[in-house]
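The structure under discussion appears below in the form of structure tokens.
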Amino acid sequence: MDLGIKNHLFIVGGATSGLGRGVAEALLAEGAQIIAVARSADKLTALAADYPGQIETLALDLSQEGSVSKLVAAVGDRALSGIVVNAGGPPAMPAKDTSLQDWDNAYAGVFRWKIDLVNQTLPGMMSRAYGRILFIESMSVKQPVENLVLSNSMRLAVVGYVKTLSSEIGKHGITLNILAPGYHDTPRIASLLKKNASLKGMSEAEVRSGFESEINVGFMGDPADFGALGAWLLSPQARYLTGQTISVDGGVIRGTMG
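Each residue of the sequence shown is one higher than the one before, starting from 0 at the first, in numbering that gives the first Met the number 0.
Structural data, given as structure tokens:
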């Protein structure tokens, strides 16, 4: 299927690893151009080498003051077709162990910079009456994940923001959607397995087996499959889908609205 995004320009956050890389590679396979953002310059260089002529790179931590402005400056006056709003989550911990500083850090890392990025790129999209904004969050917005209270809470704020903004700007040709991934084979899940193993006095293999037992299809997700869905949501073909939080979880979420 031709998604109609050849030579279109996209920003992809967290482009060098996990689900962000899955979406980046799906866009690149369609002939898109991307500005890849991640913290590691070395990983960005390696990614760009695999797709010569299609990738610009920026080594930034988007949660740090001034980083979003640097990214927007790199776009300049070019037509931006879409943004993958994605970065790592806050540390794993139970609610009873959190401090107010943990919550302040989670707000900065999970929510604040995303509003800044949308605010700075939205005027250009509105002037062209076209844009796709895709947030990669977590299934925790529909079903809380054990020991992830900061993510469970702050990502819900993103859902409220996206649903509200999508209703305000839908008539301008701009869509906003959220992908809520379940357990996928990514470095983030590897760190979660390690944390849970430490807390429960189990091996990581035992914890992984427990996670997989919760998944209806019986296995962890593949970032490439996730990326294919992401690329479609970022394409013109997804024009009638906005304000949605779509679970990509292999059936982990038990609610009927999962």
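Here a beta-carbon is modelled for each residue, glycine too, at the ideal position from N, C-alpha and C.
Because the structure is a prediction, the values reported are computed rather than measured.
Outcome for residue i when other beta-carbon atoms lying within 10 angstroms are tallied against a minimum of 16
| i | result |
| --- | --- |
| L99 | exposed |
| T185 | buried |
| N146 | buried |
| N195 | buried |
| R253 | exposed |
| T15 | buried |
| G262 | As shown, the chain starts at 0 and ends at 257. That puts residue 262 outside it, with no answer to give. |
| I124 | At residue 124 the sequence reads Met, which differs from the Ile that was named. Buried, by the Cβ-count rule. |
| P222 | buried |
| A139 | Checking the displayed sequence, the identity of residue 139 turns out to be Ser instead of Ala. The residue in question, S139, is buried, as its Cβ has 16 or more Cβ neighbours within 10 Å. |
| E64 | exposed |
| S212 | exposed |
| E137 | Position check: residue 137 holds Ser in this sequence, whereas Glu was assumed. Buried, since its Cβ has 16 or more Cβ neighbours within 10 Å. |
| T255 | exposed |
| A37 | buried |
| T163 | exposed |
| G3 | exposed |
| G52 | exposed |
| G88 | buried |
| G108 | buried |
Residues near residue i by beta carbon distance below 6 Å, same chain, minus five either side
| i | result |
| --- | --- |
| I54 | I33, A35, A47 |
| K113 | V84 |
| V206 | L192, N195, A196 |
| I10 | I34, I82 |
Beta-carbon proximity list for residue i, same chain, < 8 Å, skipping 5 on both sides
| i | result |
| --- | --- |
| V216 | G249, G250 |
| A73 | I34, E55, L57 |
| A237 | R131, T174, N176, W231 |
| D1 | E29 |
Spatial distance of residue i from residue j (CA atoms)
| i | j | result |
| --- | --- | --- |
| G12 | R111 | 15 Å |
| F210 | S190 | 13 Å |
| V247 | Y239 | 19 Å |
| V117 | K69 | 14 Å |
| H7 | S197 | 45 Å |
| L90 | H183 | In the sequence on display, residue 90 carries Pro and not Leu. Each residue's Cα considered, the two are about 18 Å apart. |
| M201 | F218 | 20 Å |
| L43 | S62 | 18 Å |
| G257 | K141 | 7 Å |
| A40 | D60 | 11 Å |
| A227 | A45 | 22 Å |
| V67 | G159 | 22 Å |
| I188 | A86 | 14 Å |
Sequence-distant residues of its chain with Cβ nearer than 7 Å to residue i (five each side left out)
| i | result |
| --- | --- |
| Y106 | M153 |
| S166 | G242 |
| P143 | N151 |
| R127 | A78 |
| H171 | M125, A128 |
| L155 | V140 |
Test: residue i CB closer than 8 Å to a CB of chain C
| i | result |
| --- | --- |
| S152 | Note that chain C does not occur in the displayed structure, where there is just one protein chain. |
For residue j and residue i, believed in contact at Cβ under 8 Å, the rounded distance
| i | j | result |
| --- | --- | --- |
| K5 | A31 | 7 Å |
| V71 | T120 | 6 Å |
| L18 | F225 | 5 Å |
Inset, instruction - Would you check if the stretch 178-186 and the stretch 15-31 touch, i.e. whether three or more CB-CB distances between them fall below 8 Å? - result: yes
Legend entry - Touching by the beta-carbon criterion (3+ pairs, under 8 Å), the stretch 92-107 and the stretch 71-80: no
Legend entry - Contact the stretch 124-138 vs the stretch 227-242: 3+ CB pairs below 8 Å: yes
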